[in-house]
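Structure first, then comments.
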Amino acid sequence: MRATRLLAVTVLSVLGVTGLTACGSDGTKKGDSAPAASGSAGAAASKPAAAGGGLEGLSVEQIMTKMRAANGKLKSVKAVFEVQDSDGDISGDVASGSAGDCAGTIGIKGKGKAEILRTGGKVWLKPDAEFIKVVVPGADASVANLIAGKWLTSTKTTDLADGFGEFCDMPLGLLKKAGLNDDGTPDNSGTKGGTEKVGGVDAVVLKVKGEKSGDEMEVAVANQGEAYLLSVDSGATGSMRFSDFDKPVQAAAPAADQVIDLDELKKAAG
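The sequence shown begins at 337 in our numbering and counts up by one.
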């Protein structure tokens with residue numbers, strides 16, 4: 337199941353967001369200290385608080401400091417993403433929380449899509465007919481018919497949990513690391529690129545580059561309520577948007593009669 341393990345890595349690397357570093361400077365330096373941010377946690381992008389705003393008049397250093405402070409307090413978030421990759425374009429959405437719950441979908445162009453759930457430390461996957469081939473390479477018609485419409489899990493091996501668990505951890509993990517170098521120090525340099533609305537929320541745009549890819553991209557920071565990272569846009573290679581900040585993740589384990597254990601399935605197939 338190597339393909340499933342690579343999915344989250346592909347999304348992050350193609351977007352260039354395994355680390356966000358600067359593209360240019362407005363007089364600040366990478367790693368400079370920054371003033372403390374203010375504001376209360378818990379404002380969702382879809383329902384911005386009246387407080388906040390004014391980021392357009394701040395330096396990139398000050399904006400990044402406020403963004404890190406806001407992102408660092410988050411307990412849950414939802415990400416919607418699209419990436420273009422030579423092995424197949426990937427799209428989906430994932431809502432995840434710090435307690436580990438996760439619910440979302442993942443699709444690969446030409447290879448189908450699947451629903452994903454994680455709760456209580458366990459992962460379930462509900463693939464459509466095409467995506468079954470990604471999860472169970474070489475599955476014949478009888479296996480595909482058995483799996484169709486069912487939730488798959490794995491009790492003995494870690495392939496399913498490791499592969500799709502990375503997707504569950506991706507949105508919140510990315511926000512916690514945004515604006516930081518690999519060693520955890522702040523990255524405060526960059527250039528401002530104006531303002532725009534993201535999901536109906538006023539935002540300031542910063543031009544940065546992926547620390548790993550080196551490609552320039554634009555990130556939008558909320559200029560209403562908390563200064564959350566709202567989006568990452570890598571141009572032709574893909575984009576990711578964030579919403580539902582601190583909203584509970586709706587993830588419930590499927591009924592037992594709707595679940596198939598992949599390990600037992602492999603055992604029965606010999």
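Idealized CB from N, CA, C, for every residue including glycine.
Note that the coordinates shown come from a computational prediction; the quantities given were computed from them, not determined experimentally.
- At the C-beta level, I399 and L391 come within 7 Å of one another.
- The residue among A439, M553, V534 and A558 with its C-alpha nearest the C-alpha of A572 is M553.
- If only uninterrupted beta strand (DSSP E) runs of at least 3 residues are considered, those enclosed by the segment 501-549 are 527-534 and 537-546.
- Separation of F503 and T401 (C-alpha to C-alpha, rounded to the nearest whole angstrom) is 26 Å.
- With fewer than 16 other CB atoms across the displayed protein chains lying within 10 angstroms of its CB, P584 is exposed.
- Remark: C-beta atoms of V541 and G530 approach each other more closely than 7 Å.
- With a cutoff of 7 Å on beta-carbon distance, P507 and S567 are scored as not near each other.
- Burial is judged here by how many other beta carbons sit within 10 angstroms of a residue's own beta carbon; S570 has at least 16 and is buried.
- For K402, the enclosing alpha helix (DSSP H) stretches over residues V396 to G408.
- For K462, the uninterrupted beta strand (DSSP E) segment begins and ends at K458 to P463.
- Sequence-distant Cβ neighbours of G443 in its own chain, meaning closer than 8 Å and more than five residues away, are I426, S427, G428, K449, A450 and F467.
- With three or more CB-CB distances shorter than 8 Å, the segment 453-468 counts as touching the segment 477-486.
- Around the beta carbon of S422, fewer than 16 other beta carbons lie within 10 angstroms, which makes this residue exposed.
- In terms of Cβ geometry, T527 and V595 do not form a close pair [threshold 7 Å].
- Residue pairing by DSSP places D569 opposite E554 and S575 in a beta bridge.
- Counting C-beta pairs with one atom in each stretch, the segment 574-591 and the segment 412-422 have three or more that are closer than 8 Å, which means they touch.
- Sixteen is the threshold: since fewer than 16 other Cβ atoms of the shown chains lie within 10 Å of the Cβ of A591, the residue is exposed.
- Our two residues, A405 and G535, have alpha carbons roughly 21 Å apart in a direct line.
- With contacts defined as CB atoms closer than 7 Å, D593 and Q560 fail to qualify as a contacting pair.
- Between the alpha carbons of A556 and D518 lies a distance of about 21 Å.
- Of the candidates L601, A563, G457 and A587, A563 places its Cα closest to the Cα of L394.
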